[in-house]
Amino acid sequence: MWLRWQHIWFLGLGAATTVALAAGDTARVSLQVLDTVDVCGRRECVLVVTLSPVQARDSLMGFNLAIRFNPEKLIFHAMLTSGTLAEGMDQRGFGAQAGELRAYAFTLTRTISGAQPLVAFVGEYRQQCPDTAGVQLLYVEFNEEFERQRTVLVDTLPLPVVARAVDVPGRLLRTRAVVREWEIREGNTSVVLPLAVEYDTTLRLAAARTVIGGIPEWLSISDVSVTSGTLQSWEQQGQAATVSWSPQGQAQLAIRFEVQQRKTDTAVLSFLTEPHDSCSCVTRWEGDSVRIFNTSGVSVAEWGGRTVLRMSGHLCLEPGEALELYDLLGREQWRGTALEGRRCVPLQSLSPGVYVGRWHRFGESFPVVFCVQ
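All you need for my numbering is the position in the sequence shown, starting with 1, plus 1167.
See the structure below:
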């Protein structure tokens, strides 16, 4: 069918009058890949065959062409003519098999002119992982009169079809700290920090890695657990640690730290989860941080028959707790109650020195000596 049609229309149109070529009468033909293929979307691939602007006197009435492609990675299923020169040609044909696309279009009643592309093709990237596939315009042939009017130059250099996960809104992996601040208090030997890892579960994500930074010398990871996922491994090296795991939907991680030393210090731990597989559809990720207060509070001797807590550093109130602070002259310096969330004493508003007060917690009231340094 292909050879029979080619023979008919090339012979039928071959009797036109020859016109002498003028400078600039070169017709350049090239292949273009319209855009990057989104492997996490429709995986659509569009090829456009471009042609230099054509005038009516050029006598364009038909063409046939061939394009080579990788059939393991690409498949083409339609010829696009809307908005192209081929739209004005009422006889059209298309086929793609064994890694070669062939197409033709012609008309016997009128010549075609314009500055539109010659024709286009739509197909699909067959694989789900980012990769590159090659396409190549093998040849383009026009009716004999057009080729007498114009010198046809065909660009046959191979082109890459780039397939990747396109960065669009919604392809976000977010790590959220359930507790934003934590105070290590007297008697605490460990700290458990829960993390929520949130993303659109329709996105492909086979493996993830959570990176922890800013671990102080007085903390060390002793255990990691994963809910709605499978823990692969974890490792701490100095101030950083990595947790490798496989998510199975919205997940929660619990990081247990052992307290190695009690000292007045503050650490800010950072947490970031990122995809750890090459076929992931996550294109951006956001992390979170947790501030940990290590206070060297101790229970010491009696004062007026009551136990006194001497604190040095940071003091935060848990929900339901209250505190009053006075300077050594008995003047009130701060009073506060934690009603719903944690509330911390604003150290920046207090001058360095020693303060006394009363801490209401666990249904009891404790005298407090608080040192601001």
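Ideal Cβ placement from N, Cα and C applies to all residues, glycine included.
Beta-carbon proximity of residue i to residue j, cut-off 9 angstroms
{"i": "T1433", "j": "T1409", "result": "no"}
{"i": "A1332", "j": "N1237", "result": "no"}
{"i": "V1204", "j": "Y1292", "result": "yes"}
{"i": "S1445", "j": "C1296", "result": "yes"}
{"i": "V1321", "j": "V1302", "result": "no"}
{"i": "L1252", "j": "L1218", "result": "yes"}
{"i": "R1487", "j": "A1505", "result": "Strictly speaking, residue 1487 in this sequence is Gly, with Arg absent from that position. Taking 9 angstroms as the Cβ cut-off, G1487 and A1505 qualify as a contacting pair."}
{"i": "A1363", "j": "S1411", "result": "no"}
{"i": "R1124", "j": "T1193", "result": "This structure leaves residue 1124 out entirely; the chain is present only between 1168 and 1540."}
{"i": "F1261", "j": "N1310", "result": "no"}
{"i": "R1142", "j": "A1330", "result": "As displayed, the chain neither begins before 1168 nor continues past 1540, which places residue 1142 out of reach and without an answer."}
{"i": "I1459", "j": "E1365", "result": "no"}
Close beta carbons around residue i, own chain, < 7 angstroms, minus the five adjacent residues each side
{"i": "G1472", "result": "Note that G1472 has pLDDT 48, beneath the 50 cutoff, so the model's placement of it is unreliable and no number is given."}
{"i": "K1240", "result": "Y1292, R1293, Q1294, D1298, A1300"}
{"i": "G1337", "result": "D1367"}
{"i": "L1305", "result": "A1233, I1234, R1235, T1323"}
{"i": "G1454", "result": "T1342, S1437, F1438, L1439"}
{"i": "G1381", "result": "Q1406, A1434, V1435, L1436, S1437"}
{"i": "E1254", "result": "T1248"}
{"i": "Q1222", "result": "S1280"}
{"i": "Q1399", "result": "S1411, W1412, S1413"}
{"i": "E1531", "result": "none"}
{"i": "A1418", "result": "V1364, V1393, T1394, S1395, G1396"}
Residues of its chain near residue i, where Cβ-Cβ distance is below 6 angstroms and the 5 sequence neighbours each way are ignored
{"i": "F1243", "result": "A1263, L1268, F1288, G1290"}
{"i": "P1220", "result": "A1282"}
{"i": "Q1403", "result": "I1388"}
{"i": "G1416", "result": "T1368, S1395"}
{"i": "G1497", "result": "none"}
{"i": "Q1428", "result": "W1385"}
{"i": "P1383", "result": "A1434"}
{"i": "W1526", "result": "L1490, F1533, V1535"}
Beta-bridge partners of residue i, as assigned by DSSP
{"i": "A1407", "result": "Q1404"}
{"i": "R1269", "result": "A1233, G1262"}
{"i": "N1461", "result": "I1351, D1432"}
{"i": "D1298", "result": "A1330"}
{"i": "L1252", "result": "Paired residue(s): none; L1252 is not in a bridge."}
{"i": "W1412", "result": "A1375, L1398"}
{"i": "W1385", "result": "None, per the DSSP bridge assignment."}
{"i": "P1361", "result": "A1421"}
{"i": "T1193", "result": "T1318"}
{"i": "L1506", "result": "Answer is none; L1506 lacks a bridge partner."}
{"i": "D1390", "result": "R1423"}
{"i": "D1367", "result": "None, per the DSSP bridge assignment."}
{"i": "H1527", "result": "A1489, S1532"}
Nonlocal neighbours in the same chain, by C-beta distance under 8 angstroms from residue i, ignoring five residues either side
{"i": "V1346", "result": "L1360, P1361, V1457"}
{"i": "V1426", "result": "I1351, N1355, T1356, S1357, V1358, W1385, L1386, N1461"}
{"i": "L1492", "result": "E1499, Q1500, W1501, R1502, V1512, L1517, Y1522, V1523, G1524, V1535, F1537"}
{"i": "C1448", "result": "V1206, C1207, A1332, R1338, L1370, R1371, L1372"}
{"i": "T1265", "result": "In the sequence under discussion, the amino acid at residue 1265 is Ala, which differs from the Thr named in the question. The answer, listed in chain order, is P1238."}
{"i": "T1397", "result": "W1412, S1413, Q1415"}
Option in the options with minimal Cα separation from residue i
{"i": "T1248", "options": "V1286, C1446, Q1258, G1508", "result": "V1286"}
{"i": "A1233", "options": "E1254, V1196, E1211", "result": "V1196"}
{"i": "I1401", "options": "V1449, G1524, R1423", "result": "Looking at the sequence provided, one finds Trp at residue 1401 rather than Ile. The shortest Cα separation from W1401 among V1449, G1524, R1423 belongs to R1423."}
{"i": "A1165", "options": "Q1419, Q1399, K1430, V1435", "result": "Given that the chain is displayed from residue 1168 to residue 1540, the structure contains no residue 1165 and the question cannot be resolved."}
{"i": "L1227", "options": "A1245, V1319, G1250, G1381", "result": "V1319"}
{"i": "R1224", "options": "S1280, R1210, R1259, G1255", "result": "S1280"}
{"i": "D1494", "options": "I1379, V1539, I1459, E1507", "result": "V1539"}
{"i": "A1245", "options": "A1330, T1274, V1215, M1256", "result": "V1215"}
{"i": "Q1199", "options": "M1256, V1328, V1391", "result": "V1328"}
### Completely contained beta strand (DSSP E) runs for the segment 1416-1448, where each covers 3 or more residues
For the segment 1416-1448, the full-length beta strand (DSSP E) segments reaching 3 residues or more read 1432-1442 along the chain.
### Contiguous beta strand (DSSP E) assignments of at least 3 residues, all confined to the segment 1201-1233
Counting only runs of 3 or more, we get 1211-1218.
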